[in-house]
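Chains as they are written, first to last, in the working numbering: chain A, 154 to 549; chain B, 83 to 462.
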């Protein structure tokens, strides 16, 4: 057992850190630090910088543009990215549909989609959840009926993140109504510009527009847009969801937010002295840091394990990452609320597109707190995670 | 970065697990408790035979030159088996004082007795008002000729009644709570003026309250600098805290295992109670607590090699906070999920709960260590 990173790993961290310092547009960094949303252009600009460097799809196999980094290098890259902070690569393309395509897609699909995912020439969104299918995803109803060389797709998806920007969607559709519910599902990709698609925004409690409802009304999709085999989509979806085991802890994000908490708490006064000097507050902060350190170590255990023994057998500790990671992210947003106290209240009705510079930095703290309630709900709610631990780890 | 055990460490784990599996089932433990002093000389002899009592000592001192990871492995196994023998007091604490602060003569005089199992030790540190503050020492050591005369009272000294030698913290100068002026002294337990009142502790161990009245020791009794040994004391107590974190992880691991087993076998309303989601999720949360504790136990263990004493101390304090939170949750919920049977002395689960609870209240509890991490400016 050895906690120290190797010389090569330390040098790698320096290299990554220097690249972010020199290449992330300062305005993008500032907006992320302040918890603001970024415009589509801001995100794409950064992702193309990253892709030009060869780091856009770092964890993909080398033949498709990946880096061949070790698990530890990926860990370092993600942590530095989150701590800088810089926008993470668009998960829907890079972490989700990309690996499904290079693992289960045919050669034509690989050629057609993978380079465009890497350069974000296509913005992808995810068509999984439906109004009646949240945690019970396999009950989904959106239908893809085969007619000649086309699928005719009808139904509705929801919670579709950033669908308003999307060029492409990967979608779980029911292709066999008679099979057991997991068995009749197919994984189909198609253009969001297709006729018959309507995207309707869902305004979330923070006043933001991240998620959408997407309606399909007789959308015609060529059958060649099926990925892998018909009715095997559930397997691909499970592969997709199980692919990203360690990123979900978002340790770097919480570290960066702790830095910001301290920065603000040093400026805001309470009882005539900075909040940061208040013993009660300091203890809460320390308690959060200890939880985060424990999580970081748990994550490193999983990372080191993957590096040594491959990704085949999940380390039981990985189930902990989502639960604790989301709880700690939420705690950090609570601490920010505590720092600004009554100044949490003012609401910037112009939104946070950056157009209203006059609105104070405090305006994003409450929305960020509200918005972060999502992290224990999405990606398999924390209750679903507990079900997974119950079955897969404890054998109950 | 590597969290795997080396081949040698894996073999050590197998050997200590094997030994305790063979000799430390719950019924045997009851018998050991009933022996004089509250633990088994036979088991202690086996630990010596397998070389476990000599692990951390250097090869030139007759040991195996093992590090903190090996101690973690042993303590985790001991936590699983609820071992009563004074490994912590003798090997980790007394051994630690000798290793980190002992003179060549002291090492030669005391280490062989630890390694061959013929001698045990006790750490006489706690005082009536000192609570968790290691530099709060009212016991005095006054210079007399080349040696010292020690006067004072020490409490809840684990293995105090059985130990051959006491390791006593005493003040050679300064006021009661000064960091400077504290020494560490080797005191034969049968020295004139040593009074020992033994009693069992809540978790099945044995302790003693000790009076020191005009106890005369020689010039060779002081370990390290008799006028300023607080750094040494903190170092050794950090080792002890780290070892207890590992012990707690072992005890929590076993508590969770036992609880899950109970959920699978106990039937109510015609089904195993482990089919109820409310109990499943509690068990899942216990698992999360154990894994977070395990991570921090490893962190403290690896921090033993940190060069910077302050960083090491903060890491250990942080580990003790996480272990404290986890052990309270795991301990309490183990009882809750066992239901009525968890309340009985007959069931083993309650004994894990009691040991875990006493670990929390030894060498600083969660609040105490949270304050230490806070005062150190945090961890991130």
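Yeah, the Cβ is synthetic: ideal placement off N, Cα and C, and Gly gets one too.
With 9 Å set as the bound, which would you pick, yes or no: does the beta-carbon of residue 132(B) sit closer than that to a beta-carbon of chain A? Residue 132(B) is outside the set of residues whose beta carbon lies under 9 Å from a beta carbon in chain A.
How long is the line joining the alpha carbons of residue 307(A) and residue 299(A), rounded to whole angstroms? Approximately 12 Å between the Cα atoms of the pair.
Considering Cα atoms alone, identify which of 401(B), 228(B), 284(B) and 208(B) is closest to residue 439(B). Residue 439(B) has its Cα closest to that of 284(B), out of 401(B), 228(B), 284(B) and 208(B).
Which of the three DSSP states, helix, strand or coil, is assigned to residue 319(B)? If DSSP states are grouped into helix, strand and coil, residue 319(B) belongs with the helices.
Drop a sphere of 10 angstroms on the beta-carbon of residue 467(B), count the other beta-carbons inside from all chains shown, and report buried for 16 or more, exposed for fewer. The structure shown has nothing for residue 467(B), since chain B only spans 83 to 462.
Compare the C-beta of residue 350(B) against all C-beta atoms of chain A and say whether one is closer than 9 Å. Residue 350(B) does not count as touching chain A.
Flag this pair as yes or no: are the beta carbons of residue 319(B) and residue 207(B) separated by less than 9 Å? Yes, the Cβ-Cβ distance between residue 319(B) and residue 207(B) is below 9 Å.
To the nearest angstrom, report how far apart residue 286(A) and residue 292(A) are at their CA atoms. Near 6 Å, if we compare the C-alpha coordinates of residue 292(A) and residue 286(A).
If you reduce the DSSP assignment to three classes, tell me which class residue 429(A) lands in. Three-state result, residue 429(A): helix.
For residue 441(A), which residues in the same chain have their Cβ closer than 6 Å to its Cβ, ignoring the five residues on either side in sequence? If we look at residue 441(A) and ignore the five residues flanking it on each side, its Cβ neighbours are 484.
Any beta carbon from chain B within less than 9 Å of residue 458(A)'s own beta carbon? By this cut-off, residue 458(A) is an interface position.
Cβ of residue 159(B) versus every heavy atom of the ligand COA: is any distance shorter than 8 Å? Absent from the structure shown: the ligand COA. Ligands present: none.
What residues in its chain sit with their C-beta under 7 Å from that of residue 196(A), if we drop five residues either side in the sequence? Cβ contact annotation for residue 196(A) (same chain, cutoff 7 Å, sequence separation greater than five): 240, in chain order.
What is the residue span of the alpha helix (DSSP H) that residue 266(A) lies within? Element bounds for residue 266(A): 260-271.
Return the chain-ordered list of same chain residues with a C-beta closer than 6 Å to the C-beta of residue 307(B), the five sequence neighbours on each side being excluded. Closer than 6 Å at the Cβ level, and outside the excluded window around residue 307(B), lies no residue.
Report the start-end ranges of each alpha helix (DSSP H) in the stretch 193-267 of chain A that is 4 residues or longer and not cut off at the edges. Runs of the alpha helix (DSSP H) inside the stretch 193-267 of chain A: 193-206, 224-236 and 251-257.
To the nearest angstrom, report how far apart residue 458(B) and residue 450(A) are at their CA atoms. Using only the alpha carbons, I get a separation of about 20 Å.
Closer than 8 Å is the cut-off here; do at least three beta carbon pairs connect the stretch 127-142 of chain B with the stretch 95-112 of chain B? The stretch 127-142 of chain B, when compared against the stretch 95-112 of chain B, does touch it at the 8 Å Cβ threshold.
Taking the alpha carbon of residue 496(A) as the reference point, which residue from 215(A), 482(A) and 519(A) has its own alpha carbon closest? Of 215(A), 482(A) and 519(A), the residue nearest in Cα terms is 519(A).
Give the range of the alpha helix (DSSP H) segment to which residue 401(A) is assigned. Counting along the chain, no alpha helix (DSSP H) covers residue 401(A), and no H or E run does either.
Coil, strand or helix - residue 190(A) by DSSP: Secondary structure of residue 190(A) (DSSP, three-state): coil.
List the endpoints of the continuous alpha helix (DSSP H) containing residue 251(B). Membership of residue 251(B) in any alpha helix (DSSP H) is not indicated; the residue belongs instead to the beta strand (DSSP E) covering 247-253.
Going along the chain, which residues of its own chain have a beta-carbon closer than 6 Å to the beta-carbon of residue 393(A), five neighbours each way excluded? Closer than 6 Å at the Cβ level, and outside the excluded window around residue 393(A), lie 249 and 253.
Given residue 255(A), which residues of its chain have a CB within under 7 Å of its CB, disregarding the five upstream and five downstream residues? Excluding the 5 residues flanking it on each side, residue 255(A) has same chain C-beta neighbours closer than 7 Å at 213, 214, 217, 263 and 267, in chain order.
At what residues does the alpha helix (DSSP H) containing residue 93(B) begin and finish? Residues 89-105.
Assigned secondary structure, residue 84(B) (DSSP; H/G/I helix, E/B strand, else coil): Collapsing the DSSP output to three states places residue 84(B) in a strand.
Of all the CB atoms in chain B, is at least one closer than 9 Å to the CB of residue 445(A)? Under the Cβ distance rule, residue 445(A) counts among the residues neighbouring chain B, one pair being separated by less than 9 Å.
Touching or not, the stretch 338-354 of chain B and the stretch 391-408 of chain B, by the rule of three or more beta carbon pairs under 8 Å? Result no; under three Cβ-Cβ pairs closer than 8 Å.
Name the chain A residues whose beta carbon is nearer than 7 Å to that of residue 84(B)? Using a Cβ-Cβ cut-off of 7 Å, residue 84(B) is close to 154, 155 and 457 of chain A, given in chain order.
Who are the neighbours of residue 476(A) on chain B, taking C-beta pairs under 7 Å? Simply 370.
Measure the alpha-carbon distance for residue 436(A) versus residue 453(B) and round it to whole angstroms. Cα to Cα, the separation comes out at about 7 Å.
Anticipated Cβ contact below 8 Å, residue 383(B) with residue 154(B), distance rounded: Right, their Cβ atoms sit about 5 Å apart.
Select from 493(A), 521(A), 515(A) and 534(A) the residue whose C-alpha is nearest the C-alpha of residue 474(A). Ranking the options by Cα distance to residue 474(A), first place goes to 534(A).
Cβ of residue 373(B) less than 9 Å from any chain A Cβ? Yes, contact with chain A.
For the alpha helix (DSSP H) containing residue 486(A), list its first residue and its last residue. That run of the alpha helix (DSSP H) goes 471-493.
For a contact meaning CB atoms closer than 9 Å, what does residue 421(A) contact in chain B? Under a criterion of Cβ atoms nearer than 9 Å, no residue of chain B is adjacent to residue 421(A); the nearest Cβ is some 18 Å distant.
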